[in-house]
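All remarks here apply to the structure that follows.
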Amino acid sequence: MEVVIRDNPEAMAKLAAELIAEVVRRKPKCVLGLATGSTPVVTYKELIRLHTQEGLDFSRVTSFNLDEYVSLPPEHDQSYHYFMHENLFKSININPKNTHVPDGMAKDIPAFCRWYEEQIVKAGGVDVQLLGIGSNGHIAFNEPGSSLGSRTRVKTLDEGTRQDNARFFKSMNEVPKYAITMGIGTIMDARQLILLANGAGKAEAIQKTCEGPITAIVPATVVQLHPKATIIVDKAAASKLSREYPAEPRVLVLQ
Ligand code: GLP
Numbered sequence: 021m022e023v024v025i026r027d028n029p030e031a032m033a034k035l036a037a038e039l040i041a042e043v044v045r046r047k048p049k050c051v052l053g054l055a056t057g058s059t060p061v062v063t064y065k066e067l068i069r070l071h072t073q074e075g076l077d078f079s080r081v082t083s084f085n086l087d088e089y090v091s092l093p094p095e096h097d098q099s100y101h102y103f104m105h106e107n108l109f110k111s112i113n114i115n116p117k118n119t120h121v122p123d124g125m126a127k128d129i130p131a132f133c134r135w136y137e138e139q140i141v142k143a144g145g146v147d148v149q150l151l152g153i154g155s156n157g158h159i160a161f162n163e164p165g166s167s168l169g170s171r172t173r174v175k176t177l178d179e180g181t182r183q184d185n186a187r188f189f190k191s192m193n194e195v196p197k198y199a200i201t202m203g204i205g206t207i208m209d210a211r212q213l214i215l216l217a218n219g220a221g222k223a224e225a226i227q228k229t230c231e232g233p234i235t236a237i238v239p240a241t242v243v244q245l246h247p248k249a250t251i252i253v254d255k256a257a258a259s260k261l262s263r264e265y266p267a268e269p270r271v272l273v274l275q
């Protein structure tokens, strides 16, 4: 696991997008694991810039998103379907047929979750998975206490997570109570992980993720077990780390 500290979210995004672009260039038919939340938006902007200005080609890329709220239709402006369309898919040349976001409207959710897992395997597995982190240490919607071996399934959202995400909804009542999420085991199967965090509100979660013991109470700590994981943070999110981390990442050299 490598920890890279950057001055600001823009510099973080440049590195994250470069790591993803490197995979797309090396393997044009790659599988990207994508995330939502405010943190990856800047990385998506940089990927769009690489596409429009430098010709980064997504035409053969397949994507799988981490999660989606249960009972929000894809056209709802807070659904993750809508988010991905607005923040990335509509601005790059990815084939919409090759993009996958869990179906929060699925009638048979367990059957859908099994299907989603099968599609990831059929596509050859995720080459690089982008992750944010919740202030309670969740990854995707794997809340504290989630099994570290879990697969795609429905999860009840923590009250704290609902409060964190309430800023995007008109009222707390509108914030969904359930989500479909890739499991921690599903995420760990990806060949490479990139976890992003910025702002002081993530500092405690990042300290535990990088330096704490591995525990289901802080799901992101499982990243310590991944053979190729890069945690990219800004100075505020790094402010509670106790060790010195090298200023320059080795990840690009080691690709
Ligand atoms: C949601 C998403 C997570 C994301 C987290 C943090 O809970 N399901 O994937 O990491 O929000 O979001 P933000 O980046 O807005 O802080």
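Be aware that the sequence shown starts at 21, since it is given in this note's numbering, and climbs by one per residue. Positions of the beta carbon are idealized from the N, C-alpha and C atoms, including for glycine. Note that the structure is a prediction, hence the values are computed from the model and not measured.
Assumed close pair residue i, residue j - CB separation to whole angstroms, cut-off 8 angstroms
i	j	result
I214	V148	7 angstroms
T229	T235	So it is not a contact: roughly 11 angstroms between Cβ atoms.
A37	E66	4 angstroms
I251	V23	5 angstroms
C-alpha distance - residue i paired with residue j, whole-angstrom precision
i	j	result
I112	P130	32 angstroms
K222	S155	5 angstroms
L39	N85	18 angstroms
S99	A126	14 angstroms
V243	I204	9 angstroms
P122	I159	15 angstroms
S191	E179	14 angstroms
S79	G144	17 angstroms
E268	P93	43 angstroms
K49	S83	10 angstroms
T206	E30	29 angstroms
N115	E264	42 angstroms
L76	I25	26 angstroms
Buried/exposed call for residue i, threshold 16 Cβ in 10 Å
i	result
D128	exposed
A55	buried
D27	exposed
R45	exposed
E137	buried
S58	exposed
A249	buried
N193	exposed
Residues bridged to residue i [DSSP beta-bridge criterion]
i	result
Q149	G53 and L213
N162	I159
T172	T172 is not bridged to any residue.
Y198	T176
T72	DSSP lists no partner for T72.
H120	F84
D254	R26
A249	L213
L235	Strictly speaking, residue 235 in this sequence is Thr, with Leu absent from that position. According to DSSP, T235 bridges with V238.
Y89	A199
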